[in-house]
Amino acid sequence: MNRIAAPVHAAAVPEDLIARQDSTIAIAVFVALAAALVVLFHFPPVLDYANHYARIWLLSGGIGEQPFPEIYTVDWNRTFTNVGIDLLATWIGPLVGADRLARALLFLAIVLPPLGAIVLHRTLFGSRSYWQIAMLSLGWCATMIGGFINFQIGLGMALFFACADLRLQRRNFALLFAWRLAAALLLTVMHIFSLGFYTAIVCGLEFSWRIDILRSKAALARLTGRLVLAISACALPPLALYLRTAALPDAGGSGLGLAWNDGVILILINLVSAITTYVPLVDVVLFLPLILICTRAARMGDMQVHAGLAVTACGLLLLSCISPRHALGTGWISWRFPIMTALVAMAMVCPFANLTRRQALSLALVINLAVFGRAGWIGWNWWLAQKDVTAVEAVLRKIPAGTAVLPLGHEPETASSLAHSNRHFAWGLDTFRHLPTLAVPFSHAFVPTLFTAKGKQPLSVLPPWSHIAVPEGNLVSIAVLSCPAMMREYLDFTPYLSDWHRRFDFILVANADIPDRYVGSLMPAGLTLIEDAGFAQLYAIDKVMPAEPLSIPVGCARAS
1 MNRIAAPVHA AAVPEDLIAR QDSTIAIAVF VALAAALVVL FHFPPVLDYA
51 NHYARIWLLS GGIGEQPFPE IYTVDWNRTF TNVGIDLLAT WIGPLVGADR
101 LARALLFLAI VLPPLGAIVL HRTLFGSRSY WQIAMLSLGW CATMIGGFIN
151 FQIGLGMALF FACADLRLQR RNFALLFAWR LAAALLLTVM HIFSLGFYTA
201 IVCGLEFSWR IDILRSKAAL ARLTGRLVLA ISACALPPLA LYLRTAALPD
251 AGGSGLGLAW NDGVILILIN LVSAITTYVP LVDVVLFLPL ILICTRAARM
301 GDMQVHAGLA VTACGLLLLS CISPRHALGT GWISWRFPIM TALVAMAMVC
351 PFANLTRRQA LSLALVINLA VFGRAGWIGW NWWLAQKDVT AVEAVLRKIP
401 AGTAVLPLGH EPETASSLAH SNRHFAWGLD TFRHLPTLAV PFSHAFVPTL
451 FTAKGKQPLS VLPPWSHIAV PEGNLVSIAV LSCPAMMREY LDFTPYLSDW
501 HRRFDFILVA NADIPDRYVG SLMPAGLTLI EDAGFAQLYA IDKVMPAEPL
551 SIPVGCARAS
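This is the structure:
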């Protein structure tokens, strides 16, 4: 097969001097390292992971333990997509345990996307080039650190399914169509965006290696027909599931709920999410050598490119720029496309396939330093986070079963401190937001922010607990308890704050070892400190209505 860019550099290197590249050992070491990180660090600084863990625990059998039969129920009619880990929790969780299953799913969310890209690359180029090691760096990205586990696993599945699709394209059409229906069904259940990713890759693979297919009317007509059939096969399963579903994601009855990256800077920040973890500058520095390898290979002419996947990558890049940041009650939609773009872009090229042994050794050294440097950076931040997790577990031991816990936090003045780099990622978002939901499995207590969104999770909250629950929630600053204006502002999307001193039994404060930007460490009257573990504090709430404060804290003016 002819590539869009022929490796002219190969002519300058005698065939007997071309080094044999093999990425297998480095890939195996990375997978083992990722497994070690997941085993060593119980609750790493991955935003949604603790919340998913609590839900996995409930679906694995915890919902049958008191007091949860009166608090939660499971209704599979609430959604038809984004339920992959929920189904596994229901089917496999009781057998292997929620903890093992949650860790296994986190491990798969890390390794499946880059491994899928590597397998696709090997299928396309028939080699084990060192460039495949570089793809491992995409195991760490904003959607991974954000804890989008269904999405991440779905990306890996889409890439592996695309490899099978590529092989089946040489066989009879009926088998290929049946395979695409089955793949589309599995991907729809896992995550609807993974189905879109699979469809985009399949369309790219149906395209020729060379762009000159567009010059032939007959070839273009055949390509159009194949693309229509491929898209049809991928669209049928989600359409059938959509027609029988009872609920779709929404924005709380506020229409589409659209929010955009409306500016060049925001778009650029969004694009960098493909490689962003805890400190963007560190990520860019560690990823830059991989970009330079590609640019140098292109200049030297030692670059092979799959034209069809190049078209796919361009389409995904366009979506990265124009897609909304939030819509239909779903956050960070625009984050999903940059990592898709990066995976396809790295899988579609093969730089420096023809090198002498010394050149190949230099290439392998640079790539390994970049990839394992990033893995080391992740490991450092996960290690930093363990004392925070230990603090949360310490206060959770003081919470009696059956009580209601109000999660709050200290909002720092700045999120750029390297001493606590593990606590924030991407656009300054906190990674500890959902640690209080661990009160569900560890203390058998109620927390209002467990994921129970219609259209996305099968778990729902029963009344009267539903009156103090939200389908998705942030960690609000403790200032909301002392600042009336801030309380009024937050009540629309955190209604459980209304009459909080009567509705809840305890307040769990996260990030408590850093002063809150509005009120420092000031807490309102009527609270008793039960446990101070540094990062986490636990207060008992006096059910008797405290007297109104004589004055509003000065810092409240900053929250207005």
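Counted from 1, the sequence shown has number 167 at position 167 by full-length UniProt numbering; the numbering is strictly sequential. We treat Cβ as the ideally placed atom computed from N, Cα and C, and that holds for glycine. These numbers were taken from a predicted model, which means no experiment stands behind them.
- Sorting H191, C234, M144 by C-alpha distance to the C-alpha of A182 places C234 at the top.
- Residue environment analysis places S129 among the buried positions, since at least 16 neighbouring C-beta atoms fall within 10 angstroms of its C-beta.
- T73: not part of any alpha helix (DSSP H); member of the beta strand (DSSP E) spanning 72–74, first to last residue.
- DSSP places Y49 in no beta strand (DSSP E) but in the uninterrupted alpha helix (DSSP H) bounded by 49–59.
- A contact is defined here as three or more CB-CB pairs under 8 Å, and the segment 318–327 fails this definition with respect to the segment 125–142.
- The beta carbons of N82 and K456 sit closer together than 8 Å.
- When the Cα atoms are used, D492 and L406 turn out to be separated by approximately 17 Å.
- With a cutoff of 8 Å on beta-carbon distance, G147 and L108 are scored as not near each other.
- Boundaries of the beta strand (DSSP E) around I507: 506–510.
- Around the beta-carbon of N51, 16 or more other beta-carbon atoms lie within 10 Å, marking it buried.
- Rounded to the nearest whole angstrom, the C-alpha separation of I153 and M190 is 8 Å.
- Between G204 and T312, the CB-CB gap stays under 8 Å.
- Between L258 and A327 a beta carbon distance of about 5 Å is seen, short of the 8 Å cut, so the two are scored as contacting.
- Excluding five sequence positions before and after D513, the CB atoms of its chain that fall closer than 7 Å to its own CB belong to G534, F535, given in chain order.
- For V282, the closest alpha carbon among the candidates F125, F80, I378 is that of I378.
- Counting only the Cα atoms, F161 lies some 13 Å from F177.
- Ranked by Cα distance from I333, the first of M346, L316, L343 is L316.
- Excluding its 5 nearest sequence neighbours in each direction, L223 has C-beta neighbours in its own chain below 8 Å: E206, F207, S208, I213, listed in chain order.
- Residues of the same chain with a CB within less than 8 Å of the CB of G520, apart from the 5 flanking positions on each side, are G555 in chain order.
- Under the three-state reduction of DSSP output, H42 falls in the coil class, being neither helix nor strand.
- Pairing T452 with G473 gives a Cβ-Cβ distance that is not under 8 Å.
- Rounded to the nearest angstrom, the gap between the Cα atoms of L227 and V371 is 36 Å.
- Using a C-beta cut-off of 8 Å, the segment 411–423 makes no contact with the segment 389–398, since fewer than three inter-stretch Cβ pairs fall below that distance.
- As DSSP reads the structure, T330 sits in a beta bridge with A327.
- A straight line joining the alpha-carbon of E489 with that of R503 spans about 19 Å.
- From the listed residues H444, T143, V29, L363, the smallest Cα separation to G61 is found for H444.
- In its chain, beyond the 5 residues on either side, I267, N270, R325, S334 have a beta carbon closer than 7 Å to the beta carbon of N261.
- Residue range 537–541 is occupied by the beta strand (DSSP E) that includes A540.
- The three-state secondary structure of G257, taken from DSSP, is coil.
- Pairing T449 with F41, the inter-Cα distance amounts to about 23 Å.
- Inclusion of A540 and I530 in the CB contact set at 8 Å is warranted, their separation being smaller than that value.
- Taking 8 Å as the cut-off, the beta carbon of A298 is found no closer than this to the beta carbon of P237.
- Contact between S460 and Y278 is ruled out by a C-beta separation of about 34 Å, above the 8 Å threshold.
- Assignment of alpha helix (DSSP H) within the segment 101–164, counting only whole runs of 4 or more residues, yields 131–134, 142–145 in chain order.
- Excluding five sequence positions before and after L527, the CB atoms of its chain that fall closer than 8 Å to its own CB belong to I507, Y539, A540, I541, D542, given in chain order.
- Within the DSSP bridge table, the entry for V305 names V349 as partners.
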